[in-house]
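S.K.: Quick one: this structure, given as C-alpha cells, is what I'll be asking you about.
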Amino acid sequence: MILLCVFGRRPVPGQAKAPWLFLAAALLIVAVQLVPLPEDVWRLFPGRDLVDGVPVADPERRWSLMPSGTLNALVSLVVPFTVLALTTAMTRDERAWLPGMILALAAASMLLGLLQFSGASLYSPLINYSPASVIGNFANRNHFALFLALACLVLPAWMFREGRPLSWRGPVGLGLLMLFALMILASGSRAGMIMGALAIAIAGCLAWRELRRELRRAPRWLALAVTIAVAMLIAGVILASVLSDRAVSIQRIVSLDVEQDMRSRAFPTIWQMTRDVFPTGIGFGGFDAAFRAREPLDLLKPTYFNQAHNDLVAMVLDAGLPGLLFLLSVAAWWAWASARAWRDAGRQKTILPRIGSAMLLLIGLASVVDYPVRTPLVMAIVAIAAVWLSTRPDHQKGSTLPSTVQHL
Numbered sequence: 003m004i005l006l007c008v009f010g011r012r013p014v015p016g017q018a019k020a021p022w023l024f025l026a027a028a029l030l031i032v033a034v035q036l037v038p039l040p041e042d043v044w045r046l047f048p049g050r051d052l053v054d055g056v057p058v059a060d061p062e063r064r065w066s067l068m069p070s071g072t073l074n075a076l077v078s079l080v081v082p083f084t085v086l087a088l089t090t091a092m093t094r095d096e097r098a099w100l101p102g103m104i105l106a107l108a109a110a111s112m113l114l115g116l117l118q119f120s121g122a123s124l125y126s127p128l129i130n131y132s133p134a135s136v137i138g139n140f141a142n143r144n145h146f147a148l149f150l151a152l153a154c155l156v157l158p159a160w161m162f163r164e165g166r167p168l169s170w171r172g173p174v175g176l177g178l179l180m181l182f183a184l185m186i187l188a189s190g191s192r193a194g195m196i197m198g199a200l201a202i203a204i205a206g207c208l209a210w211r212e213l214r215r216e217l218r219r220a221p222r223w224l225a226l227a228v229t230i231a232v233a234m235l236i237a238g239v240i241l242a243s244v245l246s247d248r249a250v251s252i253q254r255i256v257s258l259d260v261e262q263d264m265r266s267r268a269f270p271t272i273w274q275m276t277r278d279v280f281p282t283g284i285g286f287g288g289f290d291a292a293f294r295a296r297e298p299l300d301l302l303k304p305t306y307f308n309q310a311h312n313d314l315v316a317m318v319l320d321a322g323l324p325g326l327l328f329l330l331s332v333a334a335w336w337a338w339a340s341a342r343a344w345r346d347a348g349r350q351k352t353i354l355p356r357i358g359s360a361m362l363l364l365i366g367l368a369s370v371v372d373y374p375v376r377t378p379l380v381m382a383i384v385a386i387a388a389v390w391l392s393t394r395p396d397h398q399k400g401s402t403l404p405s406t407v408q409h410l
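End of the sequence shown sits at 410 in the working numbering; the numbers just go up one at a time, nothing left out.
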C-alpha cells in the first residue's frame, strides 16, 4: 500500500463502484463496534450477560465483546483495500496479467502441497499444521482446495488471453487443470472436491466458445471431439487416483458420519447464540470466547472450535442486523451483476466478468461450511473477482481516446 501511494497511479473507483462501496460498508460496520458506549446503552444489547461483572483491562464498554479481536478484524481489511486499490489503478494491459499471477500462486501452493503429500515435514510454529496434511501454504485443507478450484476457473482466461491462439498455453493449461484436480482429491477436503467439480464444469463451459473460435476452420465435430477427449482424460486421471487409494477427499465423503461431525454437532449451539444476540451481534473476533461460554459438555474435546464453520451465519453472529443487511446487499448485487455478465457474454472481449461471477459463487458456497474469506489470500481473490464482475461490457471495448489511467 505504501508503494502504491508513493510510486503508483491513482486508483479509479469508478471502474469498480460496487466493490468500493461494499468495502467501505465493511470498514464502517467493524469500526463502529469499537466505539465506546455508555453503560446504560451497553446493557441494552442482548447477550452482554456473558461478560457482565467479568474484570476487563478496558473499563469502557464497547459494542464488541472482544475489542482486541475486532481491532484485528479491522486491520485485516487492509488486504482487500490494498488489492482493490492496486487493481483499479491498473491499465487494461496490466490487468491482463492478473490471471497468470493467480495461476502462478496456485501452482506454487500446489507444489508445496506435493511436498507435503510426499511426506516432507514443513512444520512451522506460526501455522496450525498437522503431520501428513496436504494444505499447501494454508492452515486449512478446505481453503487450500478452494484456492485450487478458483485457479481452475482462471485457466480459460489465461489460455485464451484476449483471443490469442492457444499455442503452448493449451497443453500447459490442461496439465495444470489435471494437477489441480488431483491435489484437490489428495487434500482430503470434501467441500473442496465439490467446489473443484463445479469449477471444472464452469471452466469447460467458459472454454467451449473460445475453443470453437480456435477451431473455426476445422470440421464442426472436431471441437466436440476435443472436448469429449479432454473430459475423458480428466476423468481417467481422477479414476486412477481413486483406484490407487490416493483420493482422500472421496474416502472422507464415504466415511462421513454426520452425527459425529463437529460442525453438525456445534451448529445448534451457534444458531441459538446467533438468535440470542440478534440484532447487535457479539462483535468480530469474539466467537472463540462466546462459544466457550456456552459450549455444551458433550462438545468438549482437547482441541478448540475456533470458528463457526459457516461464515454466513457467523457474519450475523458477529455483526447482527448490519451483517445480515450487508450479506443480502452483496447477494443482490452479485445476482444482478452476474445476470448482466452472462447475458452480455457475446458483447464482451474478455471472459473475466463471468469468471469473477463464478469465483464469487464458489467462495459463497464454500462459506456455508467454512470461513475462507477470513484468510488474506482469499480476501485478495474476492477483491479481484469483484472488480472483474463489476466491469461492464462497454469498458471492454477499445476507444480512440486515452483512458484516465493511460500514460501518454
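Built from N, CA and C at the ideal position, the CB exists for glycine as well. Please read all numbers here as calculations on a predicted model, not as lab measurements.
1) For Pro38, does the three-state DSSP call read helix, strand or coil?
2) For Arg63, write down the residues that DSSP places opposite it in a beta bridge.
3) Please work out which residues of its chain come closer than 8 angstroms, Cβ to Cβ, to Phe24, disregarding the five sequence neighbours upstream and downstream, and give them in chain order.
4) Starting from Phe286, trace the alpha helix (DSSP H) both ways and give me its first and last residue.
5) Quick check for students: name the residue ranges of the alpha helix (DSSP H) that lie wholly in the stretch 348-396, counting only runs of 4 or more.
6) Express the C-alpha separation of Asp290 and Gln309 in angstroms, rounding to a whole number.
7) When the Cβ atoms of the stretch 67-87 are set against those of the stretch 25-36, are three or more pairs found closer than 8 angstroms?
8) Using three-state DSSP, classify Gly190 as helix, strand or coil.
9) Give the single residue among Val32, Ala153, Glu62 whose Cα lies nearest to the Cα of Val384.
10) My output table needs one value for Lys19: the three-state DSSP class, helix, strand or coil.
11) For the candidate residues Cys207, Ala159, Ala209, Asn144, whose alpha-carbon lies nearest to that of Ala188?
12) Leaving out five residues on either side along the sequence, give the residues of the same chain with a beta carbon under 7 angstroms from the beta carbon of Thr72.
13) Which whole-angstrom value describes the C-beta separation of Ile353 and Val315, a residue pair presumed to lie in contact below a C-beta threshold of 8 angstroms?
14) In chain order, what residues of the same chain have a beta carbon less than 8 angstroms from the beta carbon of Leu179, not counting five sequence neighbours either side?
15) For Phe146, which residues of its own chain have a beta-carbon under 6 angstroms away from its beta-carbon, when the five flanking residues on both sides are left out?
16) Have a look at Ala151 and Glu62 and give me their C-alpha separation to the nearest angstrom.
17) Would Ala183 and Asp372 qualify as a contact pair, given that the criterion is a beta-carbon distance under 8 angstroms?
18) Can you tell me whether Val370 is buried or exposed, with buried defined as 16 or more other CB within 10 angstroms of its CB?
19) Look at the Cβ atom of Val2, then the Cβ atom of Asp313, and state whether they are nearer than 8 angstroms.
20) CB-CB under 7 angstroms to Ala360, same chain, minus the five flanking residues each way: which ones, in chain order?
21) Among Gly238, Leu29, Ala231, Phe307, which has the Cα closest to the Cα of Ser418?
22) Cutting at 8 angstroms between CB atoms, please list the residues of its own chain near Trp344, excluding the five before and the five after it.
23) Can you give the Cα-Cα distance for Glu212 and Thr276, rounded to whole angstroms?
24) Let me know the secondary structure DSSP gives Leu157 once reduced to three states.
25) Around the C-beta of Asn74, are 16 or more other C-beta atoms found within 10 angstroms, so that it is buried, or is it exposed?
26) Is the beta carbon of Leu367 sitting closer than 8 angstroms to the one on Met197?
27) Go ahead and pull the three-state DSSP assignment for Glu212.
28) Are the Cβ atoms of Ala106 and Ser392 separated by less than 8 angstroms?
29) Kindly list the residues whose CB is nearer than 7 angstroms to the CB of Gly175, restricted to its own chain and excluding five residues on each side of it in sequence; keep chain order.
30) To the nearest angstrom, report how far apart Asn142 and Gly49 are at their CA atoms.
31) Would you report the Cα separation of Ala108 and Gly102, rounded to the nearest angstrom?
32) Judging by CA-CA distance, which residue of Met264, Ile186, Leu113, Ala18 is the nearest neighbour of Leu302?
33) So Met112 packs on Leu181, CB below 8 angstroms; how close in whole Å?
34) Report the residue from Asp95, Phe269, Met317 whose alpha carbon sits nearest the alpha carbon of Gly283.
35) How is His311 classed by DSSP in three states: helix, strand or coil?
M.R.: According to the structure data:
1) strand
2) DSSP lists Leu39 as partners of Arg63.
3) Phe328, Ser331, Val332, Trp335, Ala388
4) Phe286 -> no alpha helix (DSSP H), and no H or E assigned at all.
5) 354-368, 378-392
6) 7 angstroms
7) yes
8) coil
9) Ala153
10) helix
11) Asn144
12) Val32, Gln35, Leu36, Ser66, Gly285, Phe286, Gly287
13) Val315 and Ile353 do not touch by the CB rule: their CB atoms are close to 33 angstroms apart, not below 8 angstroms.
14) Cys154, Leu157, Ile202, Ala205, Ile236
15) Only Ile137, Gly138, Phe140, Ser189 meet the Cβ criterion.
16) 45 angstroms
17) Against a cut-off of 8 angstroms, the Cβ pair of Asp372 and Ala183 comes out as no contact.
18) With fewer than 16 other Cβ atoms from the protein chains shown falling within 10 Å of its own Cβ, Val370 counts as exposed.
19) Look at the range of the chain in this structure, 3 to 410, and you will see that residue 2 is not part of it.
20) Cβ within range, chain order: Leu155, Ile204.
21) Since the first and last residues shown for the chain are 3 and 410, residue 418 lies out of range.
22) Closer than 8 angstroms at the Cβ level, and outside the excluded window around Trp344, lie Arg356, Ser359.
23) 46 angstroms
24) helix
25) Classification of Asn74: exposed, given that the 10 Å Cβ count is below 16.
26) yes
27) helix
28) Not in contact: Ala106 and Ser392 (Cβ atoms no closer than 8 angstroms).
29) The answer, listed in chain order, is Leu157, Trp160, Met161.
30) 30 angstroms
31) Cα-Cα distance, rounded: 10 angstroms.
32) Met264
33) 6 angstroms
34) Met317
35) coil
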